[in-house]
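Taking it in order: structure first as structure tokens, then the write-up.
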Amino acid sequence: MGEHLTEDKKFKSDKYDWCKVGFFALKFTDPIAQEAILLYAEKTEDKELAGDLKAAIEAVRG
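For the sequence shown, the working numbering gives the first residue as 1129, with consecutive numbering after it.
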């Protein structure tokens, strides 16, 4: 396995020290992350969150 897992197999970012163990940071300016964020927006039952995520992507894309 890679170097992104703790001894108990929890994810730990090596790029973002501020990102807590068990969390994965996605940047709205990263085109690949945008696709993942939009997929999450489609899957979540929280419609307000979904709308905000989509609006944030649209703002970045211009």
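We treat Cβ as the ideally placed atom computed from N, Cα and C, and that holds for glycine. Since the structure is predicted, the reported quantities are computational estimates derived from the model, not experimental observations.
DSSP, reduced to helix, strand and coil, places L1133 within a strand of the structure shown. Taking C-beta separations shorter than 6 angstroms and ignoring five residues to either side along the sequence, the partners of A1178 in its chain run A1169, T1172, following chain order. By the neighbour-count criterion, in which a residue is buried when 16 or more other Cβ atoms sit within 10 angstroms of its Cβ, I1160 is exposed. Taking a 10 Å sphere around the C-beta of L1154, we find fewer than 16 other C-beta atoms and assign the residue as exposed.
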